[in-house]
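Encoded as structure tokens, the structure appears first; notes follow it.
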Amino acid sequence: MSTIALTQILLNGLALGAAYALIALGFVIVLNAVGAVNFAQGELVMAGGFAAIALAPLIGEATALPGLLLLPLVMGLMGLVGAGFAWIAYFPVRKRHQVAVFVSTIAAGLVLQHLANALFGAAPRAGPPLIAGAPMTIGSLSISLQQLAVMACAAALISGTGLFLGRTQTGRHMRAVAQDSEMAAAIGIHPKRMITLSFALAIALAGAAGLLLSNQFFVSPNDGGLFMLKAYIAVTIGGWGRLDGAVIGAMLIGIFETLVAALTSYLVAEALLYALLLVMLVFRPSGLLPERARARV
Amino acid sequence: MFLKTAAVALTALMAISLTAKAETIPVLVPITGFLSLEGTSQRNGAVLAIERYGKDLDLEPEVTDTGTSPEGAVTALRRALEGEPSAAVASMLGTQMLAMLPIAGRAGVPLLTVSGTAKITEIGIPWVFRFFPGDSVVKVAQARYAIEELGAKRPALLHQTTAYGQSGAEHLRRIMNDLGAPLVFEEAIDVSVKDMLPALTRMQEAKPDLILLHLHSGSTALVIRQARDHNIALPILAGSAMHQPTTAALLDPKQLAGVCAESASSPISEPEGPVEDFTSEYRARFGTEPDAFSLAQYDGAAMMIAARNSGARTAEEVRDWLASNSYDGLAMTYKSDGEGNMAHDAVIVCYDGKSAVPAIKRRYENVSGVK
Chain A
993 MSTIALTQIL LNGLALGAAY ALIALGFVIV LNAVGAVNFA QGELVMAGGF AAIALAPLIG
1053 EATALPGLLL LPLVMGLMGL VGAGFAWIAY FPVRKRHQVA VFVSTIAAGL VLQHLANALF
1113 GAAPRAGPPL IAGAPMTIGS LSISLQQLAV MACAAALISG TGLFLGRTQT GRHMRAVAQD
1173 SEMAAAIGIH PKRMITLSFA LAIALAGAAG LLLSNQFFVS PNDGGLFMLK AYIAVTIGGW
1233 GRLDGAVIGA MLIGIFETLV AALTSYLVAE ALLYALLLVM LVFRPSGLLP ERARARV
Chain B
111 MFLKTAAVAL TALMAISLTA KAETIPVLVP ITGFLSLEGT SQRNGAVLAI ERYGKDLDLE
171 PEVTDTGTSP EGAVTALRRA LEGEPSAAVA SMLGTQMLAM LPIAGRAGVP LLTVSGTAKI
231 TEIGIPWVFR FFPGDSVVKV AQARYAIEEL GAKRPALLHQ TTAYGQSGAE HLRRIMNDLG
291 APLVFEEAID VSVKDMLPAL TRMQEAKPDL ILLHLHSGST ALVIRQARDH NIALPILAGS
351 AMHQPTTAAL LDPKQLAGVC AESASSPISE PEGPVEDFTS EYRARFGTEP DAFSLAQYDG
411 AAMMIAARNS GARTAEEVRD WLASNSYDGL AMTYKSDGEG NMAHDAVIVC YDGKSAVPAI
471 KRRYENVSGV K
């Protein structure tokens, strides 16, 4: 394979990994906040894609940056959905067996899937482009501006989330609730409020991923399962409970998938990815990065 | 006296309600899942025909979503058979049809489908009637057009990993080889794959002169879009999914330049005549554009109703009529080849890069020699 082709493949892998990272990041935020997996994360990505399609007419076609302008709108809307999600699918069942939370999120995901089917139809739809313009050509290398925009947006959102959780008072409160909600409540932090905020942030990130992926890869009501699976693998590889691990795991998956598929075939790439997951679960169940004791958010 | 009169009146009312009871024609198709787009077209075609032609016979469609699992299809069929229908419209998904056929065979109910999977008419169950040309017809048209019109000598093939994909790939591989233009590259793609660049990159290293596609709708659009985004300007001759208006809607008309596709028909490409009437009615009823799957299933359901109008009442009589008569449908004339393959014509449509409506470039009639 030529260097040009290899560079092209790596660029694609990075763009794909960046979008997966946003999904995995939201996945870990909820996991750390409430100690449960949100199995609707994939459907929420899909919902973000459809939200972008529904909101696109508000921006119109005259502007040169339709998708980028939509990003805050989609994230805001999905943040509200996230807050609602916490109150519908988490709080009512949180004191029951943990399985109830899993099942509740699965059910919520299926509701979203069927809702999308009813509202938008079964056909795949193309989301708005993040940025207008033809592919950039450097020598024989053709770089899609869309891919560059996906990577830039994902990097900004990942850094922003890290700064928000690490440097702001609200972020610290969210982390405190995630580590010990009773202790946090004792010092005047509202656990319910912080958990609601965690869901809102996680689902806003899922929505952003949906928008970033919707133009290049389209969106259809049945896409959720695929995204959920990739987030799950990313978190397993990167280390459960670690935000940086989720991002690293997602990037590794994106590059691994595209590179192995390009060198061999999709079937081999898929088989190797799941084999890698098995190896990780057997030999390093805590993931690639060192495990942090009770490290949440 | 009063009781006697009431009993007589009640009996008469019951008799009237029984005779007036409409017969339900089950429509068991995938409306959710990866084949939902095609399945919805199939449903719409069947529903339109039954509503349009079945009134006099008091026929009513009853739609059940089979999803995409064989279990879903089998459950839907078992439930539908409880109503003892004289025929059923059955899933276009090959794996579902293969699961449904033995059950329909044991129950003795004809299944009308538009599934392209070759095997469904090859396993020897004489209760299946396929109104969409099978791979042995459309893949011949696709291969011939590739060589005779597009001058392909080094074709590459991307196909789906599903039963549909494998069936079509097998035919294309053999036919292209027989016609002297063997494939120089082949890749199987799962329906969940979104990033087509790895396959396109490896394909380019084989230096093909044409890309043949045999993929479902979403994958077809993804390949074309990503190929054009990366300046791969090779001509593309796709499978029937590409002719669907919903597939074309995913792409910019410029990206469709140099793209052709095989199909049984293309209703939106015919500006006048009975097909245009069908298209107008379809648009008004469903608010969307029809495709070849909807037209084929419309013709299939209409032929079943023609059987009923000709006096066939039981499932066995309907089966016998379908197996031994020909029917002039809107897309083509249908006649069984003895195995339930009813459609024997194909068309090639091409896009001009300016519009999302393709033009019919060539018709291949009676490819399988059954008329």
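Order-wise, the sequence lines are chains A and B. Counting in this note's numbering, the first sequence tops out at residue 1289, every number present. Counting in this note's numbering, the second sequence tops out at residue 481, every number present. In this text, a Cβ means the ideal position worked out from N, Cα and C, and glycines have one as well. This structure is a prediction, so every number in the text was calculated from the model and none was measured.
Worksheet item: Can the beta-carbon of L322(B) be found less than 8 Å from the beta-carbon of A417(B)?
Response: no
Practice prompt. Counting only runs of 4+ residues fully inside the segment 1148 to 1222 of chain A, write out the alpha helix (DSSP H) ranges in chain order.
Written response: 1161 to 1171, 1173 to 1178, 1183 to 1209
Item to complete: Within its chain, find whatever has a CB closer than 6 Å to the CB of E449(B); leave out the 5 residues flanking it on each side and keep chain order.
Response: T231
Worksheet item: Which two residues bound the contiguous alpha helix (DSSP H) that contains F403(B)?
Response: 402 to 419
Worksheet item: Helix or strand or just coil, what does DSSP make of F1019(A)?
Response: helix
Worksheet entry | Amino acids of chain A, ordered along the chain, whose beta-carbon sits closer than 7 Å to that of G143(B) | N1214
Item to complete: Report yes if the CB atom of A411(B) is closer than 8 Å to the CB atom of I160(B), and no otherwise.
Response: yes
Worksheet entry | Cα-Cα separation, L1265(A) to V1271(A) | 10 Å
Item to complete: With DSSP as the reference, label V199(B) as helix, strand or coil.
Response: strand
Fill in: Distance, V301(B) Cα to V477(B) Cα
30 Å
Worksheet item: Going by Cα to Cα distance, which pick from S179(B), L347(B), G193(B) is closest to L268(B)?
Response: L347(B)
Worksheet entry | Residue span of the beta strand (DSSP E) that contains D175(B), given as start and end | 169 to 175
Discussion item. Any contact between the segment 380 to 396 of chain B and the segment 345 to 364 of chain B? By contact I mean 3 or more CB pairs, one from each, below 8 Å.
Written reply: no
Item to complete: For D339(B), name the three-state secondary structure that DSSP assigns.
Response: helix
Fill in: Between the CA atoms of I135(B) and A425(B) - distance to the nearest angstrom
11 Å
Practice prompt. Please report how far the alpha carbon of A198(B) lies from the alpha carbon of S994(A), in whole angstroms.
Written response: 54 Å
Discussion item. I need the boundaries of the alpha helix (DSSP H) containing T1097(A), first residue and last residue.
Written reply: 1090 to 1112
Worksheet item: K445(B) bridges to which residues according to DSSP?
Response: S436(B)
Fill in: For R254(B), the first and last residue of its enclosing alpha helix (DSSP H)
245 to 254
Discussion item. Is the separation between the beta-carbon of I1044(A) and that of V1073(A) shorter than 8 Å?
Written reply: The displayed chain sequence assigns Ala, not Ile, to residue 1044(A). Their beta carbons are not under 8 Å apart, which means A1044(A) does not touch V1073(A) by this criterion.
Worksheet item: Is the beta carbon of L1203(A) sitting closer than 8 Å to the one on L1149(A)?
Response: no
Worksheet item: If you run the structure through DSSP and keep just helix, strand and coil, what is F239(B)?
Response: strand
Practice prompt. Classify W1079(A) as buried or exposed, calling it buried when 16 or more other Cβ atoms lie within 10 Å of its own Cβ.
Written response: exposed
Discussion item. Determine whether the beta carbon atoms of P363(B) and A466(B) lie at a separation below 8 Å.
Written reply: yes
Worksheet item: What residues are listed by DSSP as bridge partners for C370(B)?
Response: L347(B), C460(B)
Worksheet item: Considering only C-alpha positions, which residue in the set A279(B), P220(B), A251(B) is nearest to M413(B)?
Response: P220(B)
Worksheet item: DSSP on F52(B), reduced to helix/strand/coil?
Response: This structure does not reach residue 52(B), given that chain B is present from 111 up to 481, and the question cannot be answered.
Item to complete: Report the residues of the segment 291 to 325 of chain B with a CB closer than 8 Å to any CB of chain A, ordered along the chain.
Response: E297, A298, I299, D300, S302, V303, K304, D305, L307, P308, A309, T311, R312, Q314, E315
Item to complete: Give a yes or no on whether the minimum CB-CB distance between L267(B) and chain A is below 8 Å.
Response: no
Discussion item. Using only the alpha-carbon positions, how far apart do V250(B) and R472(B) sit?
Written reply: 13 Å
Worksheet item: So, is the C-beta of L1218(A) closer than 8 Å to a C-beta in chain B?
Response: yes
Worksheet item: Along the segment 994 to 1005 of chain A, what residues have a CB closer than 7 Å to any CB found in chain B?
Response: A997, Q1000, I1001, N1004
Practice prompt. Kindly list the residues whose CB is nearer than 7 Å to the CB of G1217(A), restricted to its own chain and excluding five residues on each side of it in sequence; keep chain order.
Written response: G1034
Worksheet item: Any beta-carbon of chain B closer than 8 Å to the one on F1297(A)?
Response: No information on residue 1297(A) is available, as it lies outside the stretch 993 to 1289 that chain A covers here.
Item to complete: Starting from the Cα of F1081(A), find the closest Cα among H1089(A), F1094(A), L1069(A), G1071(A) and give me that residue.
Response: According to the sequence as given, residue 1081(A) is Ala; it is not Phe. Checking every option, the nearest Cα to that of A1081(A) belongs to F1094(A).
Item to complete: Please check if any C-beta of chain A sits within less than 8 Å of the C-beta of H340(B).
Response: yes
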